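Protein chains in written order, with the working numbering: chain E, 4 to 319; chain U, 138 to 408. Backbone N, C-alpha and C fix where the C-beta goes; we use that ideal spot for every residue, glycine too. In this text the structure is predicted, and so the values were computed from the model without any measurement. Structure first, commentary second.
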Amino acid sequence: MSDLLPVDARGLVKCYGAVLAVDGVDLTVERGDVFGYLGPNGAGKTTSLRMLLGLIRPTAGSVSLFGRDPLQDGAAALAGVAGFVEGPTFYSYLSGRKNLRLLADYDEPSSRCRIDEVLELVDLRDRAKDKVGGYSHGMRQRLGIAAALLREPQLLLLDEPTTGLDPAGMRDMRRLVRRLAEEGITIVLSSHLLYEVEELCNRVAIIRSGRIVYQGALGDLLATAASSYVLRATEIERAGIVCRAQAGIEDVGVVDGHVRFVADEDAVAALSIALGQARIGVTALVPERETLEDLFLGLTGGESSDRDREREAVAS
Amino acid sequence: MTGVLSVYRWEIVKLLAQKRTYLGVGAAALVPIIFVTVLVFQSGGPTDVPLGRYIRDTGLAVPFVVLFFMSIWGLPLITALVAGDIVASESQSGTLKTILTRSRERGQVFAGKVLAALTYTATVVVAMAAVGLLAGSLAWGFRPLTSLSGTEVSAGHGLALLTASMAIYFLPLAGVAAFGLMLSTLTRNSAASVVGTLMFALLMQLLGVLPGTESFRAYLLGTQFDAWHGFLRVPADWTPVIRALWVCALYIAIPLSAAYVVFLRRDVTNG
């Protein structure tokens with residue numbers, strides 16, 4: 004059991020008629036990962052998460068959760084797995100507590116004894132007797148986490164858990180996710196909030212138009228970020244000329260009274276000497292790293308995929 | 138099996154927490170009260186329906202007459218109200234994904250829902266007959282009943298016949314419920330399923346009165362609502378009863394099997 008991957012999906016494909024929503028997705032999540040799953044809206048994130056949970060049958064490919072396939076093993080494949088896709092849903096005409104009792108009975112009735120504990124954890128104990136229909140969006144998100152934790156999961160799938168929360172709610176949710184990760188729960192977190200992913204995740208996959216365009220350690224991805232520099236100097240036009248003439252200084256551009264270029268540190272050191280020799284005074288020489296957002300937009304083509312949103316609407 | 142029972146128990150809890158359940162059972166209980174009240178204050182009555190002539194003789198005749206009238210569309214509608222909704226509402230509200238990502242198999246969830254819809258259907262029949270019997274007995278007393286063969290049946294024996302009639306009357310209504318469950322699963326739309334189920338029941342009744350349908354009339358679902366006439370003859374006529382048993386079994390099994398297969402394989406994309 005211990006050497007089985009929490010998530011091992013191979014070649015997942017989902018067609019809706021002629022439309023290819025997910026096109027050959029491989030996902031590998033290892034034990035202890037906080038795995039960020041990124042992609043523009045409608046890129047196929049949710050469809051692939053639904054396939055992981057056995058809610059949607061893949062057109063091709065296979066899913067393995069701790070070695071079990073939801074298609075073959077049914078509900079047993081979800082042992083130790085919990086979470087939600089596209090926001091948790093509950094029976095609005097039942098109270099929060101009754102919803103959790105129902106879900107506990109859908110697992111093991113013995114998990115009922117943890118209801119108070121999980122309600123406390125998500126700070127909903129005071130409102131547990133109220134009908135879910137009267138809950139705010141944030142309360143429903145928290146109840147969704149509580150419902151997932153009732154299963155004592157080893158793998159937690161959370162689809163945009165902070166979406167729609169107020170700043171304090173988002174902070175609390177991130178704290179909770181970090182705390183759960185520290186307890187050793189493997190977490191798959193889909194999000195389009197890049198700072199959130201940067202803060203929480205150690206590995207990421209980025210999906211675009213149904214295909215994975217990057218998968219690996221977040222650190223490796225950030226390491227591919229090109230280092231650019233911004234130079235301010237006394238004679239900006241002449242500084243630009245010096246930069247262009249200098250070996251190892253690439254993509255030189257002069258805009259808005261500063262020079263921007265890409266270079267490694269050695270080339271920058273040489274450049275500063277060259278500038279001095281040319282009697283140009285340097286007022287600022289600042290490195291600027293590409294952010295995850297820049298990388299993300301580069302990998303996903305910067306599209307917001309409203310086209311894809313339409314095809315998900317068609318699919319459902 | 139414990140899995141199915143646990144789902145079933147919660148389906149009942151959910152039904153008891155929803156207004157439409159009370160709307161259905163309430164309507165079923167109200168109809169015989171209105172019926173009896175009108176007959177108490179008006180002369181004349183439903184003389185052209187089975188037992189209609191004896192309606193003022195004993196309260197025992199009331200449930201039979203009410204069940205007859207309500208078989209045309211009243212009870213199919215009340216049945217469809219829940220059967221057509223029980224799967225579709227969860228598709229629409231997105232709760233299907235919530236319960237299908239726990240430890241219960243899809244087959245168990247489906248079976249629990251079928252049992253709950255049938256429980257509601259049986260409750261409606263019993264509520265309507267019981268209220269009819271009570272209201273009728275208050276108005277005209279709990280007295281011996283005249284059978285369809287013209288013989289007198291003691292009140293106690295009449296009550297036994299009513300119970301048997303309710304049981305056989307439940308079967309075609311379960312057929313309506315099965316059809317509703319199928320539409321509910323296929324369409325994922327509550328309103329469409331309720332209306333579609335009612336249309337199906339009305340079509341079955343319509344086919345039964347159109348000329349040229351005599352050859353297969355005995356096998357229409359609507360015809361089975363009259364199977365209880367067999368119990369009210371002396372001696373009992375088992376032909377319509379036996380036929381209702383196997384005909385209804387088909388009307389129940391076929392749509393439920395189709396719905397089961399679809400429910401097991403369907404993509405849960407809503408919510």
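- Tyrosine 306 (chain U) counts as buried, since no fewer than 16 other beta carbons sit within 10 angstroms of its beta carbon.
- Collapsing the DSSP output to three states places threonine 216 (chain U) in a helix.
- Using a Cβ distance threshold of 9 Å, alanine 82 (chain E) and phenylalanine 69 (chain E) count as a contacting pair.
- In summary, arginine 71 (chain E) is buried, with 16 or more beta-carbon neighbours lying within 10 Å of its beta-carbon over all protein chains present.
- At a beta-carbon threshold of 8 Å, the residues of chain U lying near valine 88 (chain E) are Lys234, ordered along the chain.
- Excluding sequence positions up to five before and after valine 313 (chain U), its CB lies within less than 6 Å of the CB of Pro213, Thr216 and Ala338, all in the same chain and listed in chain order.
- Within 10 angstroms of the beta-carbon of lysine 151 (chain U) lie 16 or more other beta-carbons, which makes it buried.
- Residue contact with chain U for threonine 92 (chain E): present (Cβ-Cβ distance below 9 Å to some residue of chain U).
- Cβ contact annotation for tryptophan 277 (chain U) (same chain, cutoff 7 Å, sequence separation greater than five): Arg193, Asp194, Thr195 and Gly196, in chain order.
- The closest CA to that of leucine 153 (chain U), considering only U:Met138, U:Leu167 and U:Ile223, is found on U:Ile223.
- Under the Cβ criterion of 9 Å, alanine 154 (chain U) is counted among the residues facing chain E.
- Between threonine 238 (chain U) and chain E, the shortest Cβ-Cβ separation is below 9 Å.
- Contact annotation: alanine 266 (chain E) and tyrosine 217 (chain E) have beta-carbon atoms that are not nearer than 9 Å.
- By a beta-carbon distance limit of 8 Å, phenylalanine 93 (chain E) contacts threonine 232 (chain U). Their separation comes to about 7 Å.
- The beta-carbon separation of glutamate 240 (chain E) and valine 257 (chain E), rounded to 7 Å, stays under the 8 Å limit for a contact.
- Taking CB atoms only, aspartate 222 (chain U) has no neighbour in chain E less than 9 Å away.
- Residues of the region 38-49 of chain E that bring their beta carbon within less than 7 Å of a beta carbon in chain U are absent altogether.
- With 16 or more other CB atoms across the displayed protein chains lying within 10 angstroms of its CB, tyrosine 109 (chain E) is buried.
- Along the region 193-226 of chain U, there is no position whose C-beta sits under 9 Å from a C-beta of chain E.
- For histidine 294 (chain U), no beta strand (DSSP E) encloses it; the enclosing alpha helix (DSSP H) starts and ends at 292-324.
- Using a Cβ distance threshold of 9 Å, leucine 320 (chain U) and threonine 334 (chain U) count as a contacting pair.
- For glycine 231 (chain U), the nearest beta carbon of chain E is closer than 9 Å to its own beta carbon.
- Between methionine 207 (chain U) and valine 168 (chain U) the beta-carbon gap is near 6 Å, inside 8 Å, which marks them as a contact.
- C-alpha of isoleucine 190 (chain E) to C-alpha of phenylalanine 264 (chain E): approximately 39 Å in a straight line.
- For glutamine 342 (chain U), the secondary structure class from DSSP, reduced to helix, strand or coil, is helix.
- Residue ranges of uninterrupted alpha helix (DSSP H) with 4 or more members, entirely inside the region 235-265 of chain E and ordered along the chain, are 239-248.
- Around the C-beta of arginine 403 (chain U), 16 or more other C-beta atoms lie within 10 Å, and the residue is accordingly described as buried.
- Valine 28 (chain E) has E:Leu15 as its beta-bridge partners, per DSSP.
- Between leucine 318 (chain U) and valine 251 (chain U), the beta carbon gap of about 6 Å places them in contact (Cβ cut-off 8 Å).
- Here leucine 168 (chain E) is near histidine 140 (chain E), since their CB atoms are less than 9 Å apart.
- In the DSSP assignment, tyrosine 40 (chain E) falls within the unbroken beta strand (DSSP E) covering 37-41.
- In terms of Cβ geometry, phenylalanine 172 (chain U) and proline 187 (chain U) do not form a close pair [threshold 9 Å].
- Under the three-state reduction of DSSP, isoleucine 118 (chain E) is assigned to helix.
- Going by C-alpha positions, arginine 214 (chain E) is about 19 Å away from leucine 197 (chain E).
- The closest CA to that of valine 405 (chain U), considering only E:Leu52, E:Phe38, E:Arg13 and E:Ile59, is found on E:Ile59.
- Closest in alpha carbon position to glycine 211 (chain U), among U:Thr288, U:Arg380, U:Gly295 and U:Val332, is U:Val332.
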